[in-house]
Amino acid sequence: MSTTRRELGALTLAQLQGVLVDLGQPAYRASQIREHAWQRGARSFQQMGTLPSSLRHQLGAELSFQSLEVTGETSTDRGLTVKLLLRGADGEEVEAVLIRHPGGATARPRNTVCVSSQVGCAIGCLFCATGQLGLRRNLTAAEIVDQVRIAGQIWSVTDWGSPTNVVFMGMGEPLHNYEAVVESIRLLQDWGLSPRHVVVSTSGLVPEIDRLAAEKLPIRLAISLHAADDPLRDQLVPLNRRYPLAQLKEAALRFSATTGRRVSLEYVLIAGVNDRPQDALALRRLAASMRAHVNLIPMNPIPNSELIAPPQRVCREFAVAVGPRASIRFSRGERATAACGQLRASMAALPRRTALAADAHRQLVGAELTTNSPTD
Ligand code: SAH
Ligand code: SF4
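Under the numbering used here, read the sequence shown as residues 44 to 419, first letter to last.
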């Protein structure tokens, strides 16, 4: 077993052709390999039936077929949503969520893969299971691409086709793993998935938002806002202390001006914390000034936290108060996207930051109980 084998998922078509030529094979084999590994859902080189058996062996010796192994799979919503637990070569685990949107009269069907970009996350948002883990390591570009390839394998047994959309809303802060994330987007493009169908979700790393805009990739950017005023956002998303809302808003506007693509806002609704009428009003103003759509996501419960979603009625009232720019995600598939980070957290209870998070959260909820005062 060699540790120096290159990863298939990290090779562009041109690079794969180079590997074949070096093996004394015709370059066109590269497209056949790609077709097996992408459209036909092959799970190993051995399953690439149209290749000569000697080549399949050569490929196995030369390349690693994939960088992640599936160690858990749960399916809900009659198979439309599948959650995968995936293990890297070092034993670290991440998750990916596969969401089939059947489409309808006005919308085409979509196969969306919600991918992870890191094992854990350093940002430590108060309501997020991944944040409780702290950062364990970055994923490689191959590990990101392979989440999408594995999704393709799972969908290949249906007649739904290959992955069509990728959202970086799994574990980790994608812009904290900038190089690998951008490389994975370029590789996915080479594998046949357009950057137009990629959403990068960020908690708000301002310099990296500018850097991403300069890449001139036509991706969409989602900003995880969760609060429209600095004191509250400082508590929910600690990164806000470094890049406060005014800076984040300017960076988002620069991103849309440079790329021509609109930015959307994510807002996890937490009972008694950011669901008050004044929060809705502040969000309405901020979203209008950014011309941004707002996705409201009722919070999914996480271990070691008392924070919960508001009742549905409160969520709906909040959405109405924010106005036509807002929509709530109640559907099961979309909830699964928002629930990224929880499968691993529940399977491997290693919440390094739990004490910290619990403290901050006690302060927050405590503060909330006394805040009928006009100071907020
Ligand atoms: N780190 C990036 C991307 C991963 S998190 C970011 O924060 O944007 C993807 C989305 O899931 C974010 O909008 C995040 O706020 C949301 N999320 C995290 N924990 C959640 C929870 N417990 N319930 C609902 N959404 C959650
Ligand atoms: Fe990290 Fe995103 Fe979770 Fe915040 S919400 S801790 S940035 S993964």
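Cβ atoms here follow ideal geometry from the backbone N, Cα and C, with glycine treated the same way. Just so we're clear, the structure is a prediction, and the values are computed from it rather than from any experiment.
Any C-beta of chain B under 8 Å from that of residue i
i, result
"I371", "Protein chains in the displayed structure number just one, and chain B is not present."
8 Å contact criterion, which residue i and residue j should meet: CB distance rounded
i, j, result
"P238", "I228", "6 Å"
"V311", "M342", "5 Å"
"Q190", "A139", "4 Å"
"S246", "I166", "5 Å"
"N220", "Q278", "Between Q278 and N220 the Cβ distance is about 25 Å, and since that is not below 8 Å, they are no contact."
"I345", "F170", "7 Å"
CA-to-CA distance, residue j to residue i, given in whole angstroms
i, j, result
"R305", "A257", "15 Å"
"V62", "S307", "41 Å"
"V137", "M214", "7 Å"
"V365", "R143", "29 Å"
"V209", "L236", "8 Å"
"Q89", "A270", "51 Å"
"T47", "S110", "12 Å"
"R254", "E226", "14 Å"
"D318", "L282", "21 Å"
"L66", "Q101", "8 Å"
"R180", "R151", "36 Å"
"A148", "L141", "22 Å"
"C358", "I371", "8 Å"
"R356", "Q60", "57 Å"
"R77", "P250", "35 Å"
"S74", "L56", "7 Å"
"P287", "V280", "10 Å"
"A314", "S348", "13 Å"
"L129", "S159", "10 Å"
"G174", "M212", "13 Å"
"S87", "A184", "19 Å"
"A53", "G84", "17 Å"
"R49", "I193", "18 Å"
"E309", "S244", "9 Å"
"T117", "K126", "5 Å"
"W81", "W198", "10 Å"
"A325", "G131", "42 Å"
"D133", "L248", "28 Å"
Residue range of the unbroken alpha helix (DSSP H) whose run includes residue i
i, result
"T55", "Where T55 is concerned, there is no enclosing alpha helix (DSSP H), given that its DSSP letter is neither H nor E."
"S299", "288-302"
Simplified DSSP state of residue i, which is helix, strand or coil
i, result
"N220", "helix"
"L264", "strand"
"A257", "helix"
"L421", "The requested residue 421 does not occur in the structure, where the chain is confined to residues 44 to 419."
"H240", "helix"
"N283", "helix"
"C171", "coil"
"V62", "helix"
"R86", "coil"
"S307", "strand"
"R153", "strand"
"V349", "Rather than Val, the amino acid found at residue 349 in this sequence is Glu. Residue state, collapsed to three classes: coil."
"H444", "Since the first and last residues shown for the chain are 44 and 419, residue 444 lies out of range."
"V188", "helix"
"V210", "strand"
"R319", "coil"
"Q101", "helix"
"G195", "helix"
"L94", "coil"
"L275", "helix"
Span of the beta strand (DSSP E) around residue i
i, result
"H336", "336-341"
"T117", "112-119"
"S74", "Where S74 is concerned, there is no enclosing beta strand (DSSP E), although the alpha helix (DSSP H) it sits in stretches over 72-81."
"V357", "Here V357 belongs to no beta strand (DSSP E); instead the alpha helix (DSSP H) covers 355-365."
Per DSSP, cross-strand counterpart(s) of residue i
i, result
"R180", "V162"
"L128", "G115, E138"
"A369", "V337"
"L312", "P341"
"R49", "L106"
"T201", "None; T201 has no bridge partner."
"T245", "I266"
Cβ-heavy atom distance, residue i to the ligand PLP, below 7 Å
i, result
"S244", "In terms of ligand content, the structure shown lacks the ligand PLP and carries the ligand SAH and the ligand SF4 instead."
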